[in-house]
Structure formats: structure tokens, C-alpha cells
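The working numbering numbers the first residue of the sequence shown as 678 and each following residue consecutively. Just so you know, even glycine gets a beta-carbon here, dropped at the ideal spot from N, CA and C. These notes concern the structure reproduced below.
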Amino acid sequence: MSTNDIIILVIGVGTIMVGISALIVSILALITSKRYNNLVKSQLTMQQEYNQLIQAQVEMQISSNITRARTRYEDLILANDDNKTELYLSVLHSAKEEFANAYNEACEKFLDGKVDEIRFTKSYKDTNELRDIVDDTAFKDFYSSMQSKYPATVKVYKDWYHTE
């Protein structure tokens with residue numbers, strides 16, 4: 678075997694070793710990439726679950742606020758001060774505002790996408806709850822003006838019931 682043959686053989690073996698090394702590095706990179714992708718998918722799943730939990734907490738808070746405000750308002754109506762004193766009327770108006778504020782806050786969160794659209798729609802549109810409040814003559818002054826203090830409620834109402 679001549680010197681040229683040995684050099685060619687050594688170069689060939691070196692080339693094969695470089696190829697094998699490149700193959701090993703590629704396989705290790707593929708394994709690492711798959712592990713990283715699985716980790717990212719796992720983190721994404723955890724983030725989605727966390728977001729759903731936050732949405733559920735917001736929805737529970739909305740429901741609680743509305744229920745509390747409704748109860749206070751209804752309790753005052755049931756108390757029905759026959760004398761309609763100024764104090765009674767003031768407290769009743771305050772309770773109505775709290776009730777309207779609770780709905781407006783709920784509608785703001787709905788419009789901001791902070792609550793599940795399907796559940797919110799089932800809770801407040803499909804049951805006509807929002808329509809009943811806005812159309813209630815006791816709340817007419819709250820929603821009828823162009824400068825309503827409850828713009829989110831008015832927007833959702835108009836969007837859902839196509840009023841102008």
C-alpha cells in the first residue's frame with residue numbers, strides 16, 4: 678500500500694467519523710428539540726388551564742356582585758317604606774345604582790373578553806336577564822339617555838337585541 682492510498686484511507690475514515698459525529702449531534706439535537714417542544718406544550722396547557730381558572734373566578738365574582746346588589750335592592754323594595762321618606766328614597770336609589778353598576782361591570786368584563794362568551798350569553802341573554810333590567814321601568818332613567826353612566830350595559834344590550 679502506497680502513501681497515497683494510506684492518505685486516502687485516513688481521509689476516508691476521517692470523513693466517515695465526521696459524518697457519524699454529525700449524525701450523532703443531529704440525533705441529540707432532535708431528541709432535545711422534542712423534549713423542548715413537549716415542555717412548551719405542557720406549559721401552554723398549564724397556562725390555558727390557569728386562564729380558565731381566572732375566567733371562572735371573574736365569572737363567580739360577577740355573579741356574586743349581581744346577586745348581592747339584587748338582594749339589597751329587592752330587600753329595600755320589600756321593606757317598602759309607606760311614607761317614602763327622603764332617606765328611604767335615597768337608599769333605594771343607591772341600591773338601584775349598585776345593581777346597575779354590577780351589571781355594567783359584568784358587561785365591561787364581557788366586552789374585554791375576560792369572561793367566557795358562551796357562559797355569559799347563556800346567563801344574561803338567553804335568560805333575558807339583561808333585557809329585563811334595561812327594559813324595567815324602574816331603571817328607565819339609568820339606560821335611556823345618550824349619556825348613560827352604564828355604557829357597557831347599553832352596548833351589550835344594543836348588540837344583543839339590535840336596538841338603535
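Limits of the unbroken alpha helix (DSSP H) element including Lys711: Thr680 to Ala756
Glu797 and Ala777 closer than 9 Å at C-beta: Reading the sequence as shown, one finds Phe at residue 797 and not Glu. Going by C-beta atoms, Phe797 is not nearer than 9 Å to Ala777.
Outcome for Ser800 when other beta-carbon atoms lying within 10 angstroms are tallied against a minimum of 16: buried
Spatial neighbours of Ala746 in its chain, beta-carbon cut-off 6 Å, leaving aside the 5 residues before and after: Excluding residues within five positions, the ones whose Cβ falls inside 6 Å are Glu775, Phe776 and Ala779.
Cβ-Cβ distance between Ile739 and Lys773 below 9 Å: no
Cut-off 8 Å between Cβ atoms - residues of its own chain near Ala815, not counting five sequence neighbours on either side: Short of 8 Å from the beta carbon of Ala815, and not among the five residues preceding or following it, lie these beta carbons of its own chain, in chain order: Lys773.
Distance CB(Thr830)-CB(Tyr820) smaller than 9 Å: yes
Counted within 10 angstroms of its Cβ, other Cβ atoms place Tyr827 as buried (16 or more) or exposed: The residue is buried, with at least 16 neighbouring Cβ atoms inside 10 Å.
Inter-residue Cα distance where the pair is Thr709 and Val811: 58 Å
Tyr801 (DSSP reduced to helix, strand or coil): DSSP places Tyr801 in helix when its eight states are reduced to three.
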